[in-house]
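Colleague:
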Amino acid sequence: MIRIRKLDLFILRNFLTLFAGTFFICLFIFMMQFLWRYVDELVGKGLSVDVMAQFFFYSAMTLIPASLPLAVLLASLISFGNLGEQFELLAMKAAGVPLIRIMRPLWIFVACICGVSFYFQNVAGPDAEVKLWTLIISLKQKSPELDIPEGVFYTEISDYNIYVKSKDRKTGLMRDMMIYNFSDGFENAHIILADSGRMEVTADKSHLLLHLYNGELFENLKQQSARDKTVPYRRESFKEKHTIISFNSDLKMVDGGFMEKNERSKNVVELQNDIDSMRVLQDSVGRTFYQQAMQGVYRKSTLRLSKTDSVLMAKESLSKYDVDSVYRAMSLLERQKVLNRAVSSVANQNSDFQFKRSTIGDSEKSVRRFNAAWHKKYTLALSCLFFFFIGAPLGAIIRKGGLGMPVVISVLFFIVYYIIDTSGYKMARDGHWIVWSGIWMSSAILAPIGIFLSYKANNDSVMFNVDTYLDWLKLLVGIRSKRHLAMKEVVIVDIDYQETLDRLHAHTKMIEEYREAPHNLKLPNYFRLWFSPGQDSKMEDILTELEDIIVYLSNSRHSLVVKQLNAYPVIPIHAHTRPFATQWLNTLIGVFVPLGIFFYVRVWLFRIRLCKDIQLITKAHEQLEQIIVDHNLNK
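Letter by letter, the sequence shown follows residues 0 to 634 of this note's numbering.
(1) Only counting the same chain, and skipping five residues up and downstream in sequence, which positions put a Cβ closer than 7 angstroms to that of phenylalanine 29?
(2) Going by other Cβ atoms of all chains shown within 10 Å of its Cβ, with 16 needed for buried, is aspartate 420 buried or exposed?
(3) For arginine 479, report the span of its alpha helix (DSSP H) as first-last.
(4) What is the residue span of the alpha helix (DSSP H) that glycine 214 lies within?
(5) Within 10 angstroms of the Cβ of glutamine 85, are there 16 or more other Cβ atoms? Answer buried if so, exposed if not.
(6) What is the DSSP secondary structure of aspartate 308, counted as helix, strand or coil?
(7) Can you tell me whether DSSP reads histidine 374 as helix, strand or coil?
(8) Once you ignore the five residues that flank serine 555 on each side, which residues in its own chain have a CB closer than 7 angstroms to its CB?
(9) Please say whether leucine 138 and phenylalanine 54 have beta carbons closer to each other than 9 angstroms?
(10) Going by beta carbon distance, what residues of the same chain come within less than 7 angstroms of alanine 74, once the five residues before and after it are set aside?
(11) Report the option in Asp175, Leu209, Gly394, Ile191 whose CA atom is closest to the CA atom of arginine 233.
(12) Would a C-beta distance cut-off of 9 angstroms place histidine 630 and histidine 557 closer than the cut-off?
(13) Please classify tyrosine 289: is it buried, with 16 or more other beta-carbons within 10 angstroms of its beta-carbon, or exposed?
(14) Enumerate in chain order the residues of its own chain whose CB-to-CB distance from asparagine 121 is below 7 angstroms, with the five nearest sequence positions on each side excluded.
(15) With distances taken between CB atoms, is the gap from isoleucine 574 to leucine 609 smaller than 9 angstroms?
(16) Just to check my reading of the structure: tyrosine 179 and tyrosine 153 have Cβ atoms closer than 8 angstroms, yes? What is that Cβ distance to the nearest angstrom?
(17) Can you give me the C-alpha to C-alpha distance between asparagine 261 and methionine 293, rounded to a whole angstrom?
(18) Whose CA, out of Leu522, Cys383, Ile10, lies closest to the CA of leucine 88?
(19) Please confirm whether leucine 484 and leucine 564 have their CB atoms less than 9 angstroms apart.
(20) Rounded to whole angstroms, what is the Cα-Cα separation between serine 309 and glutamine 335?
(21) Serine 245 to glutamate 218, Cα distance in whole Å?
(22) Measure the CB-CB distance between glutamine 271 and tryptophan 373 and report whether it falls below 9 angstroms.
(23) Go ahead and pull the three-state DSSP assignment for threonine 507.
(24) Just to confirm the assignment: which complete alpha helix (DSSP H) runs, minimum length 4, are found wholly within the region 62–121?
(25) Distance check for isoleucine 397 and valine 406, CA to CA, integer angstroms please.
(26) Exposed or buried, what is asparagine 339 when buried is set at 16 or more other beta-carbons lying within 10 Å of its beta-carbon?
(27) In chain order, what residues of the same chain lie with their CB nearer than 7 angstroms to the CB of leucine 632, ignoring the 5 residues before and after it?
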């Protein structure tokens, strides 16, 4: 049984606080993005508070599974970044607690979050989806709130255009009104002009009452057509007129039955049952189409022939008869009839095949869509665990807390995940990929990344240390640093300068022997360079001895000696030979000619520089020997 210790409680307490905050932040961001898509359906319709509360509640219920992975990634990054930045993670490792053990209470907790995500997708999510989309469709059908602007025609009332020149906001009185009623058609509009008027909505919010004052009404007495030159009309003047317009401003919820065939409104069991039912139906329809095809276009045909041809055909099978000779024996009229009949038959068969293809294609697309939704419920839940094993090691490696670097990295990772997941889903839905491969592609990419980062963080990798990559880049292009040796304040080792002179003479002799040897510093042979094993052991000995002399003399109490040591160049040992110690990597580079040529030129340039470095070393040896002799340090 796993015992909960103080360390586990400490890690959980830090993570839970951050997770609660990041979760609500991520949920708020996703809700704002969702609200932005449907803001036109909400604004200007006079929605009550309870309707808006339902919209936000159901949208939050459907967006919880999408918010959890990003919240886990961000919380784990910040949590372990804070621990690393405050050296608490270093203290835990110094106490003998590995990173995997530190992460144990959190990945157990994140596994529970995966279960919560799956519950919301499988149980709460389908009901929330049905209610949310029922509400959205109802909002789309709701009439906007009555607010007629000044100086423009208001067209939100069905079959009516209303123009108001000015209105008093306090009294509600509108002046210089024009009302066009197009209920009988555009050419038979009823026109009302009024000096002033008022509008109000009935108590049941289903009609609009118009109170008009001092105006005129124009309407045709019969329907007008384009051929009519004159149409009788009626003109009416009034001091006060009251009319009723049908205007339903109340929200009426539509029936949610339209979501029954939508995959978002079903749980895993219902999706599997629907997939099985659709596949059975698809197989049945496919067999029926196959039988119809075999009985139709593929059955043996018979030709209507003339009496002379029918006598000739009586003793022969149609399959053995030369159709071209029959066609040539026909008259022009018979040929035309045969061709027309053939063209018509092919067109009918093509139309039939296109219809059947469309039917099978729609059925197959529905199966893929439901199957993708089935897999999506599992991948979205497991993504929380994958993001944790990415965020926690990254935070331990980067060692940066707060909302700066972790937020940037989290957003980048989530964008990459979203692009991969969306691309895989579309490929699977459109039938370009197998459904499970497209939906699980994002998980197949995240899982190895999480394993790799966890391994690197557990072994205290410096993979995110910028200096490491800069040093590697400098080594690749040949940029090297200079020596910066300074006098030591405390020196324990006493220098034997006479022994140093002997070592310098011996080292100079080694350099001369190496320089005189053939093929050491000349242009290398391409095939021998990549396919022959071995390294330049003599140069390794020379450079190793040089570094030993420099380290030994760095303990000198004489400033000129230490200063002279900075004149020695820093020489990479293997730069003038093969780039890798492993032979198969060198062979692979040699086989891949473009890369092999690049490194070949690099080796050549490093050999040219090595020649100059050897001269610098020899010259620095002579100057160092002169300093020792001039200052009598060897006595």
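Note that CB positions come from ideal geometry on N, CA and C, so glycine has one too.
Keep in mind it's a predicted model, so treat the numbers as computed, not measured.
Modeller: Put simply:
(1) Leu62, Ala65, Ser66
(2) Looking at its Cβ environment, which holds 16 or more other Cβ atoms inside 10 Å, aspartate 420 is buried.
(3) Unbroken run through arginine 479: none, as it is neither H nor E.
(4) Glycine 214 -> not in any alpha helix (DSSP H); beta strand (DSSP E) instead, spanning 206–219.
(5) Answer is exposed; the Cβ neighbour count stays below 16.
(6) Because the pLDDT of aspartate 308 is 46, which lies under 50, any placement of that residue in the model is unreliable, and the number read from its coordinates should be weighed accordingly. In this structure, aspartate 308 counts as helix in the three-state DSSP scheme.
(7) helix
(8) Ile494, Val561
(9) yes
(10) Phe14, Leu17, Phe18, Thr21
(11) Ile191
(12) yes
(13) exposed
(14) Asn266, Val267, Lys376
(15) It should be pointed out that residue 574 corresponds to alanine in this sequence rather than to isoleucine. In contact: alanine 574 and leucine 609 (Cβ atoms closer than 9 angstroms).
(16) With 8 angstroms as the limit, tyrosine 179 and tyrosine 153 do not qualify as a contact, their Cβ atoms being about 11 angstroms apart.
(17) 35 angstroms
(18) Ile10
(19) yes
(20) Annotation note: pLDDT 46 at serine 309 (below 50); position unreliable, coordinate value reported separately. Whole-angstrom Cα-Cα distance: 19 angstroms.
(21) 19 angstroms
(22) yes
(23) helix
(24) 87–93, 98–118
(25) 13 angstroms
(26) exposed
(27) Tyr496, His557
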